[in-house]
Amino acid sequence: MATGSSRGGIETMTITVDAVSKDFDGHSALKGLSLDIPDGTFVALLGPSGSGKTTLLRIIAGLAYADSGHILFDGDDVTAVPVQQRNIGFVFQNYALFRHMSVAENIAFGLDVMKRRQRPSKADRTARVEELLDLVRLDGLGARYPTQLSGGQRQRVALARALARKPRFLLLDEPFGALDAKVRNELRGALRTIHDQLGLTSIFVTHDREEAFGLADRIAILNNGRIEQYGAPDDISAAPASDFVREFLQ
Amino acid sequence: MTRRSPLDAPPWIKLSLIALVVTYIAIVVLLPLGAVFTEAFAAGFSSWMAAVTEPDAQAAIKLTLLVAAIAVPLNTVFGIIASWAIAKHDFSGKALLISLIDLPFSVSPVVSGLVYVLLFGAGGWLGPWLEEHDIQIIFALPGLVLATMFVTFPFVARELIPVMQSQGRDEEEAALSLGATGWQTFRKVTLPNIRWGLLYGVLLTNARAMGEFGAVSVVSGHIRGETNTMPLHIELLYNDYNLSAAFAVASLLAGLALVTLVLKTILEWRHGDGLVARGH
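Below, the structure is given as structure tokens:
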């Protein structure tokens with residue numbers, strides 16, 4: 262894998278969710294949900310807690326499996342492909358940084374675990390870590406440990422780590438949930454900038470409608486395991502498709 | 073003047089309680105331990121040396137170390153596997169499995185020793201078959217190891233399950249999402265996160281493995297110089313009215329336990345956070 266440039270050469274693809282259902286202990290989290298995500302878009306999965314949005318994100322990532330239905334990446338059925346081979350970047354709600362590794366080791370993890378033949382050289386890996394630290398504006402903090410960082414900085418490390426292998430898609434679970442308002446605004450801007458720079462198809466889960474409307478190209482509003490409405494923020498505001506959407510937006 | 077915390081008892085009650093606990097520990101724990109060392113060296117250092125270097129004592133010390141050297145690593149591996157399966161996965165029958173792991177704590181060691189005799193002894197279920205194939209388990213090393221493993225099985229798993237549960241599965245999921253295989257995830261993420269808890273569990277296992285008496289006594293056969301571990305050797309010496317030798321070997325066993333205690337205390341002091349919930 263070339264590590265010279267992160268700005269070009271990343272091929273983005275379309276994600277298709279086709280009639281996906283998922284039950285947890287008899288309670289259905291997703292009810293035959295379908296969704297199409299075009300190249301390079303920044304999509305928000307918005308809904309109240311229990312609406313199934315995190316479950317959907319985890320099924321797209323391969324961290325959970327659907328009971329029925331299919332996930333397609335650019336037309337290829339990846340429903341049965343394990344998470345390791347889906348080449349996605351996932352940012353966890355509580356960052357899930359490796360607590361016993363430094364920031365640089367965290368970011369390099371995805372490169373270090375690659376098969377010997379595909380793995381970039383040590384020098385290339387170090388260069389890639391530096392490049393990512395620069396991208397998320399954490400230059401010089403590579404030797405720190407996660408506990409020595411603020412919440413916002415941890416979030417940036419989690420983002421850099423998820424981008425290290427140049428994933429096909431970036432998936433973020435409540436990326437700003439645990440942060441205070443000021444840091445949240447700053448990071449939103451940073452995330453949007455990075456998305457635009459890399460042109461990477463990205464999906465993020467949120468329960469905050471302001472966040473969804475401020476950040477996303479398209480919003481899917483989920484309720485009770487189904488999609489109530491899917492479209493551009495302006496279109497949704499102009500013409501709410503259901504009573505639920507109308508109420509949720511108030 | 074610093075204010076008392078609302079939870080603190082009045083000073084005189086606090087002081088009396090502390091005094092009570094200290095006195096209790098002194099009588100129940102420190103006095104006997106002190107007596108062991110006093111008695112061990114009562115007849116002088118040379119007779120202590122003679123008691124621990126005579127061939128039967130040497131054989132007992134070697135056997136104890138050998139049994140521990142086999143049982144502790146096996147229980148460490150099984151303990152890691154069991155706690156990993158329980159803490160990081162959901163499956164039906166999980167509560168039952170946890171109870172089974174605790175079983176050796178609630179069953180008397182003598183009973184567990186008897187079970188092995190019933191299974192592998194000459195008149196036991198597998199006895200005739202084993203005899204046919206010339207395999208000796210009871211009154212031999214395999215029986216001692218099995219009995220020790222049974223008694224010490226829970227320590228590693230019991231120490232690791234809460235540590236793993238409090239750490240959750242997030243970091244493992246993160247590793248998988250970054251392309252790591254299951255084995256890489258275990259080796260690079262799970263294992264480093266539990267290392268201090270693991271060491272703690274191993275120390276406890278080792279202390280118990282070297283000191284176990286009941287279960288080992290049943291399967292040993294008490295053959296001097298062959299199947300006697302240190303605790304059994306001490307009992308034999310005591311029954312022979314050879315008190316000074318019994319105390320000499322006992323002091324050695326107590327010394328090993330004290331070393332374990334010191335290591336355990338250092339661990340708790342330096343890495344207490346890693347033992348309870350969080351890393352670093």
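Here the protein sequences come in this chain order: V and F.
Residue numbers for the first sequence follow the working numbering, beginning at 262 and rising by one.
Residue numbers for the second sequence follow the working numbering, beginning at 73 and rising by one.
Glycine residues also receive a C-beta, built at the ideal position from the N, C-alpha and C atoms.
Keep in mind that this is a model prediction, so the values were computed, not measured.
DSSP three-state label for residue i, please.
i, result
"Phe353 of chain V", "coil"
"Val547 of chain V", "Here chain V covers residues 262 to 511 and nothing more, so residue 547 of chain V does not appear."
"Thr299 of chain F", "coil"
"Ala280 of chain V", "strand"
"Ser363 of chain V", "coil"
"Ser323 of chain F", "helix"
"Arg484 of chain V", "The question names Arg, but residue 484 of chain V is Asn in the sequence shown. DSSP places Asn484 of chain V in strand when its eight states are reduced to three."
"Ala131 of chain F", "helix"
"Phe225 of chain F", "coil"
"Ala263 of chain V", "Unreliable positioning characterises Ala263 of chain V in this predicted model, as indicated by a pLDDT of 39, which lies under 50. A coordinate reading is not provided."
"Lys336 of chain F", "helix"
"Tyr491 of chain V", "strand"
"Gly308 of chain V", "coil"
"Asp286 of chain V", "coil"
"Phe303 of chain V", "strand"
"Gly196 of chain F", "coil"
"Phe430 of chain V", "strand"
"His161 of chain F", "coil"
"His331 of chain V", "strand"
"Leu330 of chain F", "helix"
Answer yes or no: do residue i and residue j have a C-beta to C-beta separation smaller than 9 Å?
i, j, result
"Gly323 of chain V", "Val344 of chain V", "yes"
"Leu291 of chain V", "Ala341 of chain V", "no"
"Gly403 of chain V", "Ile368 of chain V", "yes"
"Thr277 of chain V", "His331 of chain V", "yes"
"Leu333 of chain V", "Ala481 of chain V", "no"
"Phe430 of chain V", "Leu393 of chain V", "no"
"Leu186 of chain F", "Val290 of chain F", "yes"
"Ala114 of chain F", "Ser292 of chain F", "no"
"Gly313 of chain V", "Asn485 of chain V", "yes"
"Met375 of chain V", "Gly251 of chain F", "yes"
"Phe437 of chain V", "Glu472 of chain V", "yes"
"Met221 of chain F", "Ala143 of chain F", "yes"
"Ala247 of chain F", "Val108 of chain F", "no"
"Val223 of chain F", "Ser184 of chain F", "yes"
Within 8 Å: the Cβ of residue i and any heavy atom of the ligand SAH?
i, result
"Lys86 of chain F", "Judged by which ligands are present, the structure shown has none, so any question about the ligand SAH falls away."
Which same chain residues, not among the five before or five after residue i, have their C-beta less than 6 Å away from its C-beta?
i, result
"Ala159 of chain F", "Ile233, Met236 and Gln237"
"Gly293 of chain V", "Ala280 and Ser282"
"Gly270 of chain V", "Its pLDDT being 41, under 50, Gly270 of chain V is placed unreliably by the model, and the measurement read from it follows with that caveat. Taken in chain order, the list of residues that qualify is empty."
"Gly276 of chain F", "In the sequence under discussion, the amino acid at residue 276 of chain F is Leu, which differs from the Gly named in the question. Phe227."
"Phe163 of chain F", "none"
"Val506 of chain V", "Ile482, Glu489 and Gln490"
Here's a check: name, in chain order, each residue in its chain whose Cβ is nearer than 8 Å to the Cβ of residue i, leaving out the five neighbours to either side.
i, result
"Leu308 of chain F", "His294, Arg296 and Asn300"
"Asp128 of chain F", "Arg296, Gly297, Asn300 and His305"
"Leu271 of chain F", "Leu339"
"Phe225 of chain F", "Asn147, Phe150, Gly151, Ile173 and Pro176"
"Ala493 of chain V", "Asp478, Arg479 and Ile480"
"Leu448 of chain V", "Gly413, Gln416, Arg417, Pro436, Phe437 and Leu440"
In its own chain, which residues sit with a C-beta less than 7 Å from the C-beta of residue i, not counting the 5 before and 5 after it?
i, result
"Leu333 of chain F", "none"
"Tyr188 of chain F", "Ile210, Gly215, Leu218, Ala219 and Val291"
"Pro428 of chain V", "Asn348, Ile349 and Gly350"
"Asp338 of chain V", "His331"
Throw me the rounded Cβ distance for the residue i and residue j pair, which I believe falls under 8 Å.
i, j, result
"Val139 of chain F", "Ala281 of chain F", "7 Å"
"Ala357 of chain V", "Glu245 of chain F", "7 Å"
"Phe353 of chain V", "Ala419 of chain V", "7 Å"
"Ala320 of chain F", "Val179 of chain F", "Actually they are not in contact, since the Cβ atoms of Ala320 of chain F and Val179 of chain F sit about 32 Å apart, beyond 8 Å."
Going by other Cβ atoms of all chains shown within 10 Å of its Cβ, with 16 needed for buried, is residue i buried or exposed?
i, result
"Asn311 of chain F", "exposed"
"Thr408 of chain V", "exposed"
"Val100 of chain F", "exposed"
"Arg426 of chain V", "buried"
"Ala499 of chain V", "exposed"
"Tyr96 of chain F", "exposed"
"Ile266 of chain F", "buried"
"Lys260 of chain F", "buried"
"Met262 of chain V", "Reliability of the predicted coordinates at Met262 of chain V is poor, the pLDDT of 39 falling under 50, and the value obtained from them is presented with this limitation in mind. Label assigned to Met262 of chain V: exposed."
"Ala279 of chain F", "buried"
"Gly231 of chain F", "Residue identity differs from the one stated: residue 231 of chain F is Glu in this sequence, not Gly. Buried, since its Cβ has 16 or more Cβ neighbours within 10 Å."
"Val182 of chain F", "exposed"
"Phe117 of chain F", "exposed"
"Gly121 of chain F", "In the sequence as displayed, the identity of residue 121 of chain F is Met instead of Gly. So Met121 of chain F ends up on the exposed side."
"Glu435 of chain V", "buried"
"Thr257 of chain F", "buried"
"Ala112 of chain F", "buried"
"Ile153 of chain F", "exposed"
> Residues in the stretch 314-344 of chain V with C-beta within 7 Å of chain B's C-beta atoms, listed in sequence order?
Replying inline: Going by chain labels, chain B is absent from the structure shown, which instead holds the protein chains V and F.
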